[in-house]
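Just add 61 to the spot in the sequence shown (first one is 1) and you have the working numbering.
Let me begin by presenting the structure, written as structure tokens, before commenting on it.
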Amino acid sequence: MSIIEMKVPVIGESITEVTLSKWLVADGDYVNIDDPICEFESDKATLEFPAEAAGVISFVASEEDDLEIGALVAKIDTSASKGASTPAPAQKAAPAKKAVAAASSTPTGQIIEMKVPVIGESITEVTLSQWLKGNGDHVNIDEPICEFESDKATLEFPAEASGKLIYVATEGDDLEIGALVAKIEVGATGNNSTTEEVEEVAVNLGTLNASGHYANGHPSPAAAKLMSENKLSEKDVKGTGKDGRITKEDVLKAVASQKSTPATATTAPTKAAGSNGATTANKIAAVSTPAGERNERVQKMSRMRRTIAKRLVSAKNNTAMLTTFNEVDLTNIMAMRKKYQEEFVEKYGTKLGFMSLFSKACAKVLMEMPDVNASIDGNNIIYHDYVDISIAISTPNGLVVPPVKNVEKMKFHEIELAIKALAGKARSGELTLDEMKGGTFTITNGGVFGSMMSTPILNEPQSAILGMHTIQQRPMAVDGEVKIRPMMYLALSYDHRVIDGSTSVTFLVKVKQLLEDPVKLLLL
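Shown next, in the form of structure tokens:
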């Protein structure tokens, strides 16, 4: 047998850990060399991990595991042929058979305690994040009954025997290793069994209740969950379902009735109080809480969102960040776009947008003012003789800022096409690490979402970021007359350790002048 170990490769200098976001093949599948077997989610991008050899794959890591560079992900048995049985499932099958045999020899009615298993050396506690089966349901051996969330991964917890599941812990509980999670009554039939099965077992065991049917007064799984959330017992709810079963609607009615009862009780004294009672009623009405659902949900942050949070907090804490503002009159730019838009689209296949004009204006000024285009590295300042402008792009998973490189040498249509390509890849999750690296200056356009003014946060290790905002028609004084002009506020956030206040103001003024007279972008 020849085994190839698949380990997390070196992805980039600054990346020390990735998350195994999704397996693309099944455990025990035959894979060919270079077939993608899984996806890694890093701080900057989602990457496919290809097989290094052909053979049968055996999983080592699980989905959502946080893996360091060099950590073992999977193994590939290169001696196995396509279609052959795999060693991994065979090895797993033996314990399963033993478990079945043990279960079959376990007397019916015996209670099996389900406890939190040992998951890893460093893990001492888990959270019961979600029940996968209802309280009182029938479960089969090895069937997942709940999910545990640890520091490193989310794991399914399988049943150790077949029978009726009885909750002990609740969703959201933090449980230590060895803590009791649930109990299984071996051989007992649960709420989710068919009527025929339940009736047969009930008759044989003589467990029919006084009403003549097992289901009377018992909640369905959905109803049981609602009852638990609203702290209702089976005595508080009247079952109207088949054979007296408590349904979800029964619980909702009981909850509504419970909410209306206190209101009725408080109105009785006010009626008897006469005129003073009316005043009291008004006060009660004024402070009463409006009826309505107040649900909350907890969702684990994605690795991208965690990375964004970490970088933004770092920028706030580790830089001397200030913001300066100015405003720009876009009359001439809008007139130019209107005049030449059709010819531009016909020649280059893309529209002349604001981003290429702003990027070009910033690039010209950045080449003149290297401090704004610089970055700090320890006790050194790095000056760049090129301009790579990072463009903030909103995606379903968060904000990414891939750079358009050497903007100072590009033409308007080249910038537009480059931004369009990066935006498409970002939203489809196809950006590569090389496309995410670099950047000497950032532009973010909150105006597309309607932002009037903001203070953008630095994109470390860069020293400055320009914030564009929504265009507003406002009255302006022009040559002694009041005229309506399309105006935009500009915000420049900068690191005061590198850029002086006068430098930041001068930078914005120069950008403003180029945008208000766009011919200078072509001539100067």
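Note that the Cβ used here is the ideal one computed from N, Cα and C, for glycine as well.
Note that the structure is predicted; figures quoted are calculated from it, not measured.
Unbroken alpha helix (DSSP H) runs of no fewer than 4 residues, entirely contained in the region 486-525, are found at 494-497, following chain order. Judged by their CB atoms, E208 and E221 are not nearer to each other than the 8 Å cut-off. Cβ neighbours of A552 within its own chain (closer than 8 Å, five residues either side excluded): T384, T385, F386, M514, S515, T516, P517, L527, G528 and H530.
Non-local beta-carbon contacts of E174 in its own chain, meaning distances under 7 Å to residues more than five positions away in sequence, involve L241 and K244 in chain order.
Annotated as proximal: G500 and D449, with beta-carbon spacing under 8 Å.
In summary, V465 is buried, with 16 or more beta-carbon neighbours lying within 10 Å of its beta-carbon over all protein chains present. In this structure, the straight-line span from the alpha carbon of I65 to that of G490 is close to 29 Å. For the options K194, E232, L582 and S223, the alpha carbon positioned closest to that of F419 is the one of L582. As the crow flies, the alpha-carbon of R535 is around 39 Å from that of Y444. The residue from T188, K194 and K377 with its alpha-carbon nearest to that of N252 is K194.
Taking the Cα positions, L128 is about 35 Å away from N506. Taking C-beta separations shorter than 7 Å and ignoring five residues to either side along the sequence, the partners of E577 in its chain run V389, D390 and N393, following chain order. The continuous alpha helix (DSSP H) containing G562 extends over residues G562 to E577. Boundaries of the alpha helix (DSSP H) harbouring L583: K581 to L584, taken from the DSSP string. The DSSP assignment places complete beta strand (DSSP E) segments of no fewer than 3 residues inside the region 446-493 at 450-452, 454-456 and 459-461, in order along the chain. Counted as a single uninterrupted DSSP element, the beta strand (DSSP E) harbouring M175 occupies residues I172 to K176. When rounded, the separation of the alpha-carbon atoms in N441 and T493 is 29 Å. With a cutoff of 8 Å on beta-carbon distance, E237 and A376 are scored as not near each other.
For M549, the pairing in a beta bridge is given by DSSP as V389. Residue environment: T185 is assigned as exposed (fewer than 16 neighbouring CB atoms within 10 Å of its CB, all protein chains considered).
8 Å or more divides the Cβ of T456 from the Cβ of A424. A residue is called buried when at least 16 other Cβ atoms come within 10 angstroms of its Cβ; K421 meets this threshold and is buried. In this structure, the straight-line span from the alpha carbon of I180 to that of A122 is close to 13 Å. Comparing alpha carbon positions, the residue from V69, V359, H557 and P97 closest to S103 is V69. Under the three-state reduction of DSSP output, D126 falls in the coil class, being neither helix nor strand.
Here DSSP, grouped into helix, strand and coil, assigns G305 to helix. By the criterion of a C-beta distance shorter than 7 Å, D432 is surrounded in its chain by V559, I560 and T564, once the five residues flanking it on both sides are discounted. DSSP places I94 outside both helix and strand once states are collapsed to three, so it counts as coil.
Taking C-beta atoms under 8 Å as the contact rule, I118 and V86 qualify, at a distance of about 6 Å. Assigned with DSSP and collapsed to three states, S223 falls in coil, not helix or strand. The bridge partners DSSP lists for S554 are T384 and I526. Ranking I130, T308, G305 and E290 by CA distance to the CA of E357 puts E290 first.
If you draw a straight line from the Cα of S524 to the Cα of D556, it is about 5 Å long. Exposed is the label assigned to Y401, since fewer than 16 other Cβ atoms lie within 10 Å of its Cβ. The straight-line gap separating the alpha-carbon atoms of E429 and Q574 is approximately 14 Å. In terms of Cα proximity to E496, the closest of L108, I94 and D90 is L108.
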